Every structure is written in structure tokens, then in C-alpha cells.
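Every letter in the sequence shown is one number past the one before it in this note's numbering, and letter 247, counting from 1, is 247. Reading through the C-alpha cells given below for one structure.
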Amino acid sequence: MAGKSNFVRVSSELPFFPGAQAAIREARSGNLGELVEVRSGLLHSSDIDRKKKINWKRQRKFCGEIGVLGDLGMHAAHIPLRLGYKPTKVFAILDDIVTHREGANGEQVPCDTFDNAVLAMRAKSEGTDREFPMFWEMKRIAPGESNTFFFTAIGMTGGVRFSTKNPAVYHTFSLRNGEQVWSEIQPGHVSNWPVITGHIFEFGFPDALLQMWAAYFAEREGKLGDRFACASVEEVINSHKTFAAAMKSHETHAEIAI
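So, in C-alpha cells, the structure goes:
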């Protein structure tokens, strides 16, 4: 695409939920202090059904060995990378649980991509040399999870967490007079881009998708301003550097530098 007048961004709509946006603002505020741990991921259970037929995302000959890392990975990586949480080393646990699925004609076909991935990483944030633990989870077989996106960042003086399992709220952590306090906040239908829906109504996946598209077109036209942007090509490249190291970690059963 070099030399072409293309504008490319990558689909990752779940960070556009109001609670996720509030979590990002809280992480940027400095309230967290020195980071203790960061976790993010996307968990669903559509592949728990062994009778589900094979498709291209579950065969190496079509999508390569990366499997679930390529399918769900950007959802886990988007917010941490945007916040400047840079992975430096990774130890990966990759799991191929269902090894065969039924093909179009009823025959058994190798299902040879990874179903689940847990990446345990060392990471750095801007302005500090200390590495902190960061975990990315990407699972197609997560019993009890329908399609759960989550982000959590905990520091020495504060913390924040959001999950689409309870999408109407987000939580902040603080220390008050020696007590450790988690607070639940309901942001309402507050979005980066104005809509006709009132503040008191519930925000859902289609709304997040529309907000992502609005961000895409606005950035393409140079009108994004300081609003949250879609996942960039650079962020995707950095995520795939991590995933490549994760594949090597799986092969060698060792921590791999990124």
C-alpha cells in the first residue's frame, strides 16, 4: 500500500463503551500512581460447542498459526497500547482444545489453531524504568462468558476496571483514611460523538460500533481532535510483535523478549 492514498485503521469497537472511555481517562489522570498490574482481554464461549462446524478462522492453512491471537488479540491490546503500556517480555500459554471439527460434508477436519491464549508479560509505562506485570487473555472457549471485553489497571494509589459483562458501570479504586475503597459509577449514555439517544438510556454494542465508525471518518477527515481514535496500524504492528514473541514462547516454553 506504499504510495497509495489509503487511510487504514483497525476494527476494535469495545473500547468505545462509555465505561471503557471513563476507565481510559482515569488511567491517564495519574490517580493510579505507580502501576502494580494491568489486565485486559476478550472472552467468549462460541467454540465450547464441539458440534460447531469448522471455518477459516480455525484452520492454519487460511489464517496461519496465530489462531485466536489474530482473531481477538487487538481487543486485548488496544487500550493498553494506547495508554503507553509497552510489553517487553512475554510468556505465553496457548491451548488447542478442540482439535477437529465437522466440515461442510460431515467429515472431520483438523481444527489446528489455538482456541485460547493467556499472555503473561513484563511491561513498561512512559516515565518509569520499572517493569510491571501485564496480562492479555484471548479465549474462544471461556465457559460462562458470552462475549466479555475487560480492562483493569491497578496502581499504588488508585485503580480502575471495566467489563462488558456489566457494561452500564465502571469501578474505581482509592485509598481513603486508610481504607481500600472500590466505587461503582454509572456513566450513562455518554459518547465521544453526539447522538440523539438520551443520557439515561443504556449503551450497547451497536452504539460502540457506530462510535468507532464516527472516529474513523472523523480522523480520516482530520476532525478527530482529542477524541479516542480507532486502533492504528502502528498499534496493530506492535501487537503482532507481541504475538510473534508469544508463539516463540509457546514453542520454547520460555519467556521471550519483544
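Glycine included, each C-beta is placed from N, C-alpha and C at the ideal position. If you're wondering where the values come from, they're calculated on a predicted model, not measured in any experiment.
Unbroken alpha helix (DSSP H) stretches of 4 residues or longer found wholly inside the segment 150-231: 205-220, given in chain order. Annotated three-state conformation of Arg9 is coil, per DSSP. Shown here, Thr252 sits in a helix according to DSSP, grouped into three states.
Shortest Cα-Cα distance from Gly70 to any of Ser12, Val36, Ala22 involves Ser12. In the three-state scheme derived from DSSP, where H, G and I count as helix and E and B as strand, Ser239 is classed as helix.
Taking every protein chain shown into account, the CB of Gln180 has fewer than 16 other CB atoms within 10 angstroms, so this residue is exposed. Counting along the chain, Leu69 sits inside no beta strand (DSSP E); it lies in the alpha helix (DSSP H) bounded by residues 68-82.
Rounded to the nearest angstrom, the Cβ distance from Asp115 to Val68 is 6 angstroms, consistent with a contact under 8 angstroms. Its chain contains Ser45, Ile48 as the residues whose beta carbon lies nearer than 8 angstroms to that of Pro143, once the 5 sequence neighbours on both sides are disregarded; these appear in chain order. Here Phe201 is exposed: its Cβ has fewer than 16 other Cβ atoms, across all protein chains shown, within 10 Å. Beta bridge pairing from DSSP links Leu43 with Lys139, Thr148. For Thr152, the closest C-alpha among the options His189, Phe16, Ile24, Glu145 is that of Ile24. For Phe149 and Thr164, the gap between their C-alpha atoms comes out near 5 angstroms. Within the same chain, and ignoring the five residues on either side of His189 in sequence, the residues whose Cβ sits closer than 6 angstroms to its Cβ are Thr197, His199, Phe201, Phe203.
Its chain contains Cys111, Thr113 as the residues whose beta carbon lies nearer than 6 angstroms to that of Arg58, once the 5 sequence neighbours on both sides are disregarded; these appear in chain order. For Glu126, no beta strand (DSSP E) run applies, since DSSP gives it neither H nor E. Note on Lys53: under 16 other CB atoms within 10 angstroms of its CB, so exposed under the neighbour-count rule. Inclusion of Pro80 and Ala117 in the CB contact set at 9 angstroms is not warranted, their separation being larger than that value.
In the displayed model, Glu234 falls within a helix according to three-state DSSP. Secondary structure at Glu102: strand, using DSSP grouped into helix, strand and coil.
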